[in-house]
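Just so we're aligned: the sequence shown equals residues 487 to 737 in the working numbering.
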Amino acid sequence: MASIFSIKKKSSKTTRELHIPEHIAFIMDGNGRWAKSRSMPREYGHSKGADVFRDIIRYCGELGVKHITVYAFSTENWKRPENEVNAIMKLLAKFMDEAFADLEKEKVRVIFLGSKEPFSAELRERMEKLERDSSVYERILNVAFNYGGRDEIVHACNELIKEGVTTITPELISSHLYTRLSPDPDLIVRTAGEYRISNFLMWQSAYSEFYFTDKLWPDMTHEDVDAAIAAYSGRERRYGGVVEKKEDAKS
Ligand code: IPE
Ligand code: IPE
Ligand code: MG
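In structure tokens form, the structure reads like this:
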């Protein structure tokens, strides 16, 4: 199957029918099941999942998606066995090494969503350096790591208290979230056949479109991204209002 990207180049008609979301968020789920189905340890699934993650974000960039958010490790994922958590921390370090090396090629601003407090000083400094060094770029990659939607809202409220704010508004909350540099996600994709939000972008997803696929994250391909964008393009976003169609207006 040809990708949206190649169709886009060949046919302007198809481009008109497709709406490339400004912001796509991925709940990258199913690494463990992918490994288990190969009789391999869960860590193997995370390692393959990290390779796929790099490929998918690059592809989204090629499609013109300006903001990408990935759910890599939740505030609840610390409950997992120590070996697994350690393996994921090593993958975070590997991701950062590659991101530093590819900074000028990829031209993407990396932002970590979540408190950096639980990480080692060394890891934290590298995370902050990557955020600083990449801050010249416009395209944004939000990496949700030690992220929880409830934690994020509480953190925003505490920041507001520290600033002496006495009346909280939705705008003030939005501007104090970890995602404050990105618009709310247009499309949220979750893999691995689960139909839940698992504490992801709870505030920001108020009017997001959701796309669920049974594909396990390590099996995710460009064509799966195309399918998600095609489904999104067919959705009618009403934001609680009424969208009058041309045919309705005539009658
Ligand atoms: C998602 O895959 C990655 C993380 C949560 C870190 P899982 O590890 O949750 O995979 P399953 O759901 O057990 O298959
Ligand atoms: C959500 O997946 C978190 C990430 C993808 C990082 P989980 O696998 O942790 O979610 P639950 O436990 O199935 O809800
Ligand atoms: Mg899971």
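Positions of the beta carbon are idealized from the N, C-alpha and C atoms, including for glycine.
Residues passing the C-beta test against ligand 1 heavy atoms, cut-off 5 angstroms: Working through the chain, the matches are D515, G516, N517, G518 and R519.
For T665, the residue or residues it bridges with in DSSP: Counting from one through the sequence shown, the residue named residue 665 turns up at place 179. For T665, which the question treats as bridged, DSSP gives no partner whatsoever.
Distance cut-off 8 angstroms: S738 Cβ against heavy atoms of ligand 2: A question about residue 738 goes unanswered here, because the residues of the chain that appear run from 487 up to 737.
Rounded separation between N572 and V729 - CA only: Looking up residue 572 in the sequence shown gives position 86. Looking up residue 729 in the sequence shown gives position 243. Approximately 49 angstroms between the Cα atoms of the pair.
Under the three-state DSSP convention, the category R676 falls into: On the sequence shown, position 190 is the one that residue 676 refers to. Strand.
Of the residues G720, R723 and I715, the one placed nearest L549, counting alpha carbons only: For the purposes of this step, residue 549 is taken as residue 63 along the sequence shown, with counting starting at 1. The candidate whose alpha carbon is nearest that of L549 is I715.
Distance CB(R676)-CB(D515) smaller than 9 angstroms: To locate residue 676, count along the sequence shown from 1; it is residue 190. To locate residue 515, count along the sequence shown from 1; it is residue 29. In this structure, D515 lies closer than 9 angstroms to R676 by Cβ.
Cβ-heavy atom distance, A607 to ligand 3, below 8 angstroms: Along the sequence shown, one-based indexing puts residue 607 at 121. False, no ligand heavy atom lies under 8 angstroms from that Cβ.
Cβ distance (whole Å) where Y664 is taken to contact G600 below 8 angstroms: Indexing the sequence shown from 1 puts residue 664 at position 178. Indexing the sequence shown from 1 puts residue 600 at position 114. Contact flag correct, Cβ pair sits at about 6 angstroms.
Enclosing beta strand (DSSP E) for A511 [first to last residue]: The count along the sequence shown starts at 1 and reaches residue 511 at position 25. Counting along the chain, the beta strand (DSSP E) containing A511 begins and ends at H509 to I513.
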